[in-house]
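Sequence order for the protein chains is A and B. Here our numbering is used: the first residue of the first sequence is -7, the next is one more, and so on. Here our numbering is used: the first residue of the second sequence is -12, the next is one more, and so on. Where a beta carbon is used, it is the ideal one built from N, C-alpha and C, also for glycine. Structure first, then comments.
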Amino acid sequence: MYINKNQNTVDLELQQKYEDFHSEALPHMDALYNFALKMTNDTDEADDLVQETFLRAFRFFDKFEKGTNSKAWLFSIMKNTFINEYRKTAREPSKVDYEDIQNFYENIKASEVKSQHVQEDAFSSLLDDEVSEAIAKLPEDFRTVIILSDIEGFSYDEIADFIDSPVGTVRSRLHRARKMLYTTLYDYGKDKGYIKEKTTN
Amino acid sequence: MGKTKDILKRKQQIKMKSNSENILQLITALVDNELDSENCQNLHAKIKCDEILSKEYIIQLQIKNLLKERFSSRKSPEYLQKNILNRIKIENNISN
């Protein structure tokens, strides 16, 4: 009788934990899926990453402080899962050579961007897959900040926590990431004939 | 004497480069709404009368808007949510 009562209490607690988890974590699944998809650029790998993140999150849900930022908490679990589990078995992460980035960046200063590049609708003809491909080509450190900021809507402080770096680093990487993406997309649009360069006399 | 002059010139160039880099990164912060109102106004005024800064501003804004419009509202597949909840239930012996 005593054992049954105890078992019932455990069941009820577990049920409550499941319901709390459902209402706290599930609303962020789209955001986590988007992030996973953009980080892996593969739907199966994104599915695995999101699934592993949520299973872990449920395991550690007792440690989550109610009323705090559950989205940030879930993203930090996803980051660790990505680093510890996913990246070991998936393709090698692209090592970031900051000198290469600097050289690339030096070559695309605004002063060298022709005025006709800056058109309001320059990228409207690009397909989602083409934009995704360009994002996937960014070095991981730069891809992370641009996804968190522009797709997930994280603040600089939240991104700084996520990547364990100062806000200044977030700002600098974001600036460069957008610039790299712009150049890649512009070249892509030009190659595909979506963007026509005006000739100046 | 010439050597000292060269060093000073180089230092000056580095300082100028670092300043212009700072302004460009502030434009990023402006686009992201991460500047206080005073800095915001000052930078907007600078952007208005400087073609390079103006291009930078448009580039940063254009990419931010592009990604936001194309990807931020994408839904996760329904089967994924079902699979995850099922696995949590099975692993933890939670009844329906």
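- Contact between Asn70/B and Gln43/A holds, with the beta-carbon distance rounding to 6 Å and staying under 8 Å.
- From the beta-carbon of Gln43/A, the residues of chain B found nearer than 9 Å are Leu67, Asn70, Ile71 and Arg74.
- Interface criterion not met: the Cβ of Leu4/A is under 8 Å from no Cβ in chain B.
- If you check each beta-carbon in the region 6 to 31 of chain B against every beta-carbon of chain A, the ones closer than 7 Å belong to Leu11, Gln12, Thr15, Ala16, Asp19 and Glu21.
- Taking the C-beta atoms as reference points, Gln47/B is found no nearer than 8 Å to Arg51/A.
- Using a CB distance below 9 Å, the part of the region 52 to 65 of chain B facing chain A consists of Asn52, Leu53, Leu54, Lys55, Arg57, Phe58, Ser59, Ser60, Arg61, Lys62, Ser63 and Pro64, ordered along the chain.
- Counting other Cβ atoms within 10 Å of its Cβ, Asn26/A reaches 16 or more and is therefore classed as buried.
- Residue-level contact check: Ile81/B touches chain A, since one or more beta carbons of chain A fall below 8 Å from its beta carbon.
- If you draw a straight line from the Cα of Val159/A to the Cα of Ile187/A, it is about 35 Å long.
- CA-CA distance, Glu144/A to Leu(-5)/B, rounds to 45 Å.
- Boundaries of the alpha helix (DSSP H) harbouring Glu44/A: Thr35 to Arg51, taken from the DSSP string.
- Against chain B, the beta carbon of Ala128/A has no neighbour under 8 Å; the closest one sits roughly 12 Å away.
- A contact between stretches requires three or more CB pairs, one per stretch, nearer than 8 Å, and the region 20 to 27 of chain B fails this requirement with the region 169 to 183 of chain A.
- By the criterion of at least three beta-carbon pairs nearer than 8 Å, the region 12 to 30 of chain A is in contact with the region 48 to 64 of chain A.
- Between Val137/A and Leu173/A, the gap from beta carbon to beta carbon reaches 8 Å or more.
- Taken atom to atom, the span from the alpha-carbon of Asn72/A to that of Val162/A is near 19 Å.
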